[in-house]
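Each residue of the sequence shown is one higher than the last, beginning at 1 in the UniProt record's numbering.
First the structure, in the form of structure tokens, and then the observations on it.
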Amino acid sequence: MNQPTLPNQDFSAYESWARFSAAARVRVHDAMARMQAERIRVCRAMESGQQVSARVLGRGSQEINRNMAAEALNWRDLESIRSSGTIEQLAVSLPNNAVLVEAGLRMTSVWHYHGLDPDVRLALTAEDPASYFFGYAPVQMKIAGGDEVLLDGPIIRGEHTVIAVRDAACVRAARGYWDAVRATIYPCAEEDLPFDELTERQRRVVALMLTCSSDEQIARRLGTSVRTVRTEVATVLALLDAPTRFVAGVRLRERMSGMPA
Numbered sequence: 001m002n003q004p005t006l007p008n009q010d011f012s013a014y015e016s017w018a019r020f021s022a023a024a025r026v027r028v029h030d031a032m033a034r035m036q037a038e039r040i041r042v043c044r045a046m047e048s049g050q051q052v053s054a055r056v057l058g059r060g061s062q063e064i065n066r067n068m069a070a071e072a073l074n075w076r077d078l079e080s081i082r083s084s085g086t087i088e089q090l091a092v093s094l095p096n097n098a099v100l101v102e103a104g105l106r107m108t109s110v111w112h113y114h115g116l117d118p119d120v121r122l123a124l125t126a127e128d129p130a131s132y133f134f135g136y137a138p139v140q141m142k143i144a145g146g147d148e149v150l151l152d153g154p155i156i157r158g159e160h161t162v163i164a165v166r167d168a169a170c171v172r173a174a175r176g177y178w179d180a181v182r183a184t185i186y187p188c189a190e191e192d193l194p195f196d197e198l199t200e201r202q203r204r205v206v207a208l209m210l211t212c213s214s215d216e217q218i219a220r221r222l223g224t225s226v227r228t229v230r231t232e233v234a235t236v237l238a239l240l241d242a243p244t245r246f247v248a249g250v251r252l253r254e255r256m257s258g259m260p261a
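What follows is the structure in structure tokens.
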């Protein structure tokens, strides 16, 4: 596989791609192609009314999110790949995932490193290193309970759908893609960050400030007191020479933007 071009001797793009070996990326793309071929087969069967072990989980973003939240209550294991995400989406999904994990869900969540803005990568570094990982994972999917895969489905009346598939060949192909992606992963918490002046807890506070709307929420996530959080926030603002949280957010994004995307 060809490496990206390096204009003006800027090696940041090369360094970014080099975190995942060319051989690993090829394995992921080969497995992804097999999974996509099975997904297309299943979608065509559904569209033509053929017998296939698959169902439409939801149509349109609101229905998909509502139905997936209901389904998640019955999951005991979840292997999830997210190819992209925003801070706004994380502010909703991370607390929901925490509730499910506390209720007994065994979750492994892999995020496509190259599909995330720097501030999203920063926010994910505050999450449980046993559950949240960066990797090379360009197509989104979920395997629930080990025997059902959630994939993009056919367009129905102009709306995006998600399908829940138990078709054996499709599930095997999804498992192959998952295994190829897993070979590239590392915990989000181990990501190098340009904040050498901050302690480990202050780095977590910085990351949580992006997705938590209050000091009380941050305190719950850290398992500490609100007073301690407020002290740490004040220290972080001083170290970043930021008079407000908004200015701190701008400074954080400026620092993170210098890292390979």
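Glycine included, C-beta positions come from ideal geometry on N, C-alpha and C.
Note that the structure is predicted; figures quoted are calculated from it, not measured.
Where residue i falls: helix, strand or coil (DSSP)
i: W178; result: helix
i: G115; result: helix
i: I155; result: coil
i: S131; result: coil
i: D147; result: coil
i: G85; result: strand
i: G249; result: helix
i: A137; result: coil
i: E79; result: strand
Residue j beta carbon less than 8 Å from that of residue i
i: I81; j: V181; result: yes
i: G153; j: V139; result: no
i: L222; j: V229; result: yes
i: T211; j: L94; result: yes
i: I156; j: R253; result: no
i: R245; j: M209; result: yes
i: D196; j: V171; result: no
Sequence-distant residues of the same chain with beta carbon closer than 7 Å to residue i, five excluded per side
i: E216; result: V226
i: A207; result: L122, A123, T125, A126
i: T224; result: none
i: N67; result: L57, G58
Close-in-space but distant-in-sequence residues of the same chain around residue i (CB under 6 Å, 5 per side omitted)
i: M35; result: A173, A174, Y177
i: R106; result: D77
i: N8; result: Because the pLDDT at N8 is just 42, under 50, the model does not fix this residue reliably, and the value given afterwards should be weighed accordingly. Here the set comprises nothing.
Residue closest to residue i, alpha-carbon to alpha-carbon, out of the options
i: L100; options: A72, E159, H114, C188; result: A72
i: G104; options: W111, N96, V110; result: N96
i: L198; options: T228, G85, L240, E190; result: L240
i: V236; options: A33, R203, P129, H112; result: R203
i: F134; options: V206, F20, V250; result: F20
i: P118; options: S93, K142, T184, S84; result: S84
i: Q190; options: K142, T125, S213, R106; result: Note on identity: in this sequence residue 190 is Glu, with Gln being the wrong assignment. The residue with the shortest Cα to Cα distance from E190 is T125.
i: H29; options: N65, D179, L122; result: D179
i: T108; options: V92, M141, G115, L116; result: M141
i: residue 278; options: D147, V250, Y136; result: The question about residue 278 has no answer, for the chain in this structure spans 1 to 261.
i: H112; options: V205, I218, S214, I185; result: I185
i: N74; options: G145, I64, E63; result: G145
i: N65; options: G49, V92, V42, A18; result: V92
i: E88; options: S213, A248, V247, D192; result: S213
i: R220; options: H160, A248, A98; result: A98
Neighbourhood of residue i by C-beta, 8 Å cutoff - its chain only, sequence neighbours within 5 removed
i: A168; result: S53
i: Q51; result: A45
i: D10; result: The predicted position of D10 is uncertain, since its pLDDT is 40 and thus under 50; no value can be drawn from it.
i: M32; result: P138, V139, Y177, A180
8 Å contact criterion, which residue i and residue j should meet: CB distance rounded
i: L57; j: A164; result: 5 Å
i: V120; j: T86; result: 7 Å
i: P194; j: P129; result: The pair is not a contact, with the Cβ atoms about 20 Å apart (cut-off 8 Å).
i: A183; j: A70; result: Contact doesn't hold; Cβ gap of about 33 Å is too wide.
i: I143; j: E38; result: Their Cβ separation, rounded to whole angstroms, is 13 Å, which puts I143 and E38 out of contact at 8 Å.
i: A238; j: R251; result: Contact flag wrong, Cβ pair sits at about 12 Å.
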